[in-house]
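Contents: one structure, followed by commentary.
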Amino acid sequence: MSGARAERMTGLIDEIGRIFGEDGYEQHKPVADSFGLAEMAPVQRTGFGGSGPPLLVGGTGDTVLRTAARHAGIVGIAETYQVKGTARAVLAVGTWGALPYG
């Protein structure tokens, strides 16, 4: 994943965490008030520091996996990975012990 895409992904994760950390959802308040509905909130609160659902991050490469390790409750790891120093389309099939991050 390129540096710009990794930064966008991390920024998105931070923004989602901020939204889950707020009291309800501002866009829902007029409807909730009109109809006497309860505030919307995630049922699962194991992710985002206990304020939201678990986050799943999946992909290949060191950058994605480091981001997943920092933020995700669920990590999806593909059986192929980008070979460092090669063109973007060069992938190798690996087993757990053979992966550079395994």
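Position 46, counted from 1, in the sequence shown is what my numbering calls 177; the numbers after and before it change by one each time, with no gaps. C-beta atoms are modelled at their ideal positions from N, C-alpha and C, and glycine is treated no differently. As the structure is a prediction and not an experimental result, all values here were calculated from the model.
Taking the CA atoms as reference points, residue 149 sits about 10 Å from residue 142. Non-local C-beta neighbours of residue 184 in its own chain, meaning closer than 6 Å and more than five positions away in sequence, comprise 173, 175 and 178, ordered along the chain. For residue 202 against residue 186, the beta-carbon gap comes to about 6 Å, under 8 Å, which counts as contact. In the structure shown, residue 155 falls within a coil segment according to DSSP collapsed to helix, strand and coil. Nearest in C-alpha terms to residue 153, of all of 171, 163, 206 and 140, is 171. Nearest neighbour of residue 145 by Cα position, chosen from 166, 182 and 167, turns out to be 182.
In the structure shown, the three-state DSSP call for residue 188 is strand. In the DSSP assignment, residue 195 falls within the alpha helix (DSSP H) that extends over 193 to 202.
The beta carbons of residue 192 and residue 207 sit no closer together than 8 Å.
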